[in-house]
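Working notes for the structure below.
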Amino acid sequence: MRIEIIGAGAVGLLLASYFTEKKMDVFIVRKTSKQEMNLDFKYIRTNLDQSITTIQGKYISAVSNKADLIIVAVKYGQLHEVYASMEGVKTSIPVLFLQNGLAHYEEALALNMQHIAFCSIQFGAQKLSANHVAHKGNGVMKVAVAKGDSDKFAFLEKLSSIQLPIIFERDAEMMLMEKALLNCFINPLTAILKVKNGQLISDNSTFLLLKSLYSEIIFTFPQFEKTFQFDQVVALCEQTAENKSSMLADRLANRRTEIDTIAGAVLKKAEQNNKKMPILQTLYLLVKAFEESGEKT
3 MRIEIIGAGA
13 VGLLLASYFT
23 EKKMDVFIVR
33 KTSKQEMNLD
43 FKYIRTNLDQ
53 SITTIQGKYI
63 SAVSNKADLI
73 IVAVKYGQLH
83 EVYASMEGVK
93 TSIPVLFLQN
103 GLAHYEEALA
113 LNMQHIAFCS
123 IQFGAQKLSA
133 NHVAHKGNGV
143 MKVAVAKGDS
153 DKFAFLEKLS
163 SIQLPIIFER
173 DAEMMLMEKA
183 LLNCFINPLT
193 AILKVKNGQL
203 ISDNSTFLLL
213 KSLYSEIIFT
223 FPQFEKTFQF
233 DQVVALCEQT
243 AENKSSMLAD
253 RLANRRTEID
263 TIAGAVLKKA
273 EQNNKKMPIL
283 QTLYLLVKAF
293 EESGEKT
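In this note's numbering, the protein residues as written are 3 to 299.
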């Protein structure tokens, strides 16, 4: 099976390494010179137990019509460029989107591609250098098919492992919403406070803030009360205690964050329900404020 992964970031490299070990024919799509494409490309994965694995990698400069699956592993801000790059790709090739938040959901479904699925990443990944990625924190890879034939994605179950468990969910939008809600706890607060994930539950004041935010979310979206528990928030903070959230990493690198597609999208959903979320709104505006200030860290 040929898998083409658009994006050479932390998650893209991590998935490429595990899928290559499962004997998949994996290509990382990135802008690169002909000279680089002909090099013997190898990269390193630091595993959860701190052991090191070296993987033989392959680059291509653009998606092809040979893939059995295309995985889109870029951040939301790069998606419109990706959409344009896929205009000449056969619509029968299944596509899996890995973005945080909700903003990409309807956009992706509007594409001409016949088979579309979405992914919710529950583990951590950190890019240590151009050719070195670290697997950070236990967690599953959830997949939900939203358009087309689910059988096109069924082979992903065979790629599941103890290190990278892959499970299928029924409702893609609900899955993405649950992940967006989880991200609303960790990403804005860690970015504002400049702390690792674990500190959110070890500090009493922050823990109380998390509980208050949880109550606000359940009041706003009561349909999640049975399936979305506060214990999930605590568990995610514990599992990724030493991780820097993606939003914190963006702030430290003076990059624009994904606050709009995560907290911003949740706030829009709340507005559609005629509900107010003052705690989340405050966190959202604080992140927007330091983005707009052009703060140098």
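Cβ coordinates follow ideal geometry from the N, Cα and C atoms, glycine included.
Query - Per-residue burial, residue 1 [other beta carbons within 10 Å of its own, 16 or more giving buried] - result: Any question about residue 1 goes unanswered here, given that the chain covers just 3 to 299.
Query - Secondary structure of residue 83, DSSP reduced to three states - result: helix
Query raised in the report: What does residue 58 pair with, by DSSP beta-bridge criteria?
Result: 44
**Report entry** Which residues DSSP lists as bridging residue 137, in chain order
**Finding:** Beta bridge pairing from DSSP links residue 137 with 127.
**Report entry** Closest Cα partner of residue 283 within the set 191, 250, 251
**Finding:** Residue 191 holds the alpha-carbon nearest to the alpha-carbon of residue 283 among 191, 250, 251.
Requested in this report: Look at the alpha carbon of residue 290 and the alpha carbon of residue 3, and state the distance between them as a whole number of angstroms.
Outcome: In a straight line, the C-alpha of residue 290 is about 42 Å away from that of residue 3.
Report task. Give the range of the alpha helix (DSSP H) segment to which residue 253 is assigned. Result -> 248-254
Report task. Take residue 70 and list the residues in its own chain whose beta-carbon comes closer than 6 Å to its own, dropping the five residues that flank it on each side. Result -> 3, 4
Report task. Have a look at residue 199 and residue 293 and give me their C-alpha separation to the nearest angstrom. Result -> 20 Å
Query raised in the report: By the 10 Å Cβ neighbour count, where 16 or more other Cβ atoms means buried, how is residue 225 classified, buried or exposed?
Result: exposed
Query raised in the report: Comparing alpha-carbon positions, which option in 74, 265, 104 lies nearest residue 95?
Result: Nearest option by C-alpha distance: 74.
Requested in this report: To the nearest angstrom, report how far apart residue 272 and residue 217 are at their CA atoms.
Outcome: Their backbone Cα atoms lie some 14 Å apart in a straight line.
**Report entry** Distance CB(residue 137)-CB(residue 49) smaller than 7 Å
**Finding:** yes
Query raised in the report: Buried or exposed: which applies to residue 93, given that a residue is buried once 16 or more other Cβ atoms fall within 10 Å of its Cβ?
Result: exposed
Report task. Kindly list the residues whose CB is nearer than 7 Å to the CB of residue 111, restricted to its own chain and excluding five residues on each side of it in sequence; keep chain order. Result -> 118, 148, 149
Requested in this report: Identify whether residue 177 lies in helix, strand or coil by the three-state DSSP scheme.
Outcome: Residue state, collapsed to three classes: helix.
Query raised in the report: Per DSSP, residue 6 is paired with what?
Result: 29, 72
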